[in-house]
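Please read the structure below before turning to the comments.
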Amino acid sequence: MRIADLLRSKGNWVATVRPESSITDLLAGLAEHNVGAMVVAGEDGIAGIVSERDVVRKLNEHGPALLERPVSEIMTTVVATCTPRDSVDDLSVLMTQRRVRHVPVVEGGRLVGIVSIGDVVKSRMEELEATQQQLAAYIAQG
């Protein structure tokens, strides 16, 4: 299965935040959209990515004053990305190697979606169920 197939079923909407937005605004966006990470959209495309985990770790370090600081201070700037043509299996390897749970999908330098580890697991579960049904049908036929 390709990333494009995943995006067709889940959609390609992506929650984004600007680098100059406050971390309080970021948290409001995460809650509003019920997502675990947001892509940081700069003037020239993807500037970074920031997750709930990033916020928690930095809050532990800096305390509540962090909430009024800009997202650019805590975002990850080296962002793992994939393309719609990549396979879900390859993305699984990337997520494991880079220890990331959210990967923006980029095509022609443009953000076209995002895939989470939950999307990958759901896809794999659907493949396993389909295989199980095929095997059961094959066995039943004799």
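Last residue of the sequence shown: 142 in UniProt numbering, with the numbers rising by one and none dropped.
Note that beta-carbon positions come from the ideal geometry of N, C-alpha and C, so glycine has one too.
Endpoints, the alpha helix (DSSP H) within which residue i is located
i: Ala65; result: Here Ala65 belongs to no alpha helix (DSSP H), and DSSP marks it neither H nor E.
i: Ser72; result: No alpha helix (DSSP H) holds Ser72; DSSP gives it neither H nor E.
i: Arg8; result: 3-10
Same chain, Cβ closer than 7 Å to residue i, five either side skipped, listed in chain order
i: Lys10; result: Asp119
i: Arg53; result: none
i: Asn12; result: Val112, Gly113
Spatial neighbours of residue i in its chain, beta-carbon cut-off 8 Å, leaving aside the 5 residues before and after
i: Ala47; result: Pro19, Val40, Ala41, Ser72, Met75, Thr77
i: Met95; result: Ala80, Arg101, Val103, Ile117, Val120
i: Thr16; result: Met38, Val39, Val40, Ala41, Leu111
CB of residue i within 7 Å of CB of residue j, strictly
i: Leu67; j: Ile23; result: yes
i: Ser123; j: Val88; result: yes
i: Ala37; j: Ile49; result: yes
i: Val115; j: Leu6; result: yes
The beta strand (DSSP E) enclosing residue i, as first and last residue numbers
i: Gly108; result: Run containing Gly108: none; DSSP gives neither H nor E here.
i: Ala41; result: 37-42
Top-ranked residue by Cα proximity to residue i, from the options
i: Asp86; options: Pro104, Val79, Arg98, Ala130; result: Pro104
i: Pro84; options: Ala65, Gly63, Arg69, Val106; result: Val106
i: Met1; options: Leu128, Gln141, Leu135, Gln134; result: Leu128
i: Pro70; options: Ile139, Gln133, Arg99, Asp25; result: Asp25
i: Val55; options: Tyr138, Gly45, Ala28; result: Ala28
i: Glu43; options: Arg8, Asp90, Gly109; result: Gly109
Bridge partners - residue i, DSSP secondary structure assignment
i: Gly45; result: Gly42
i: Thr16; result: Val39
i: Ser116; result: His102
i: Ser22; result: Pro70
i: Arg57; result: According to DSSP, Arg57 bridges with nothing at all.
i: Ser51; result: Ala37
Other residues of its chain near residue i: CB distance less than 6 Å, five sequence neighbours each side excluded
i: Val21; result: In the sequence under discussion, the amino acid at residue 21 is Ser, which differs from the Val named in the question. Around Ser21: Val71.
i: Val35; result: Ala15
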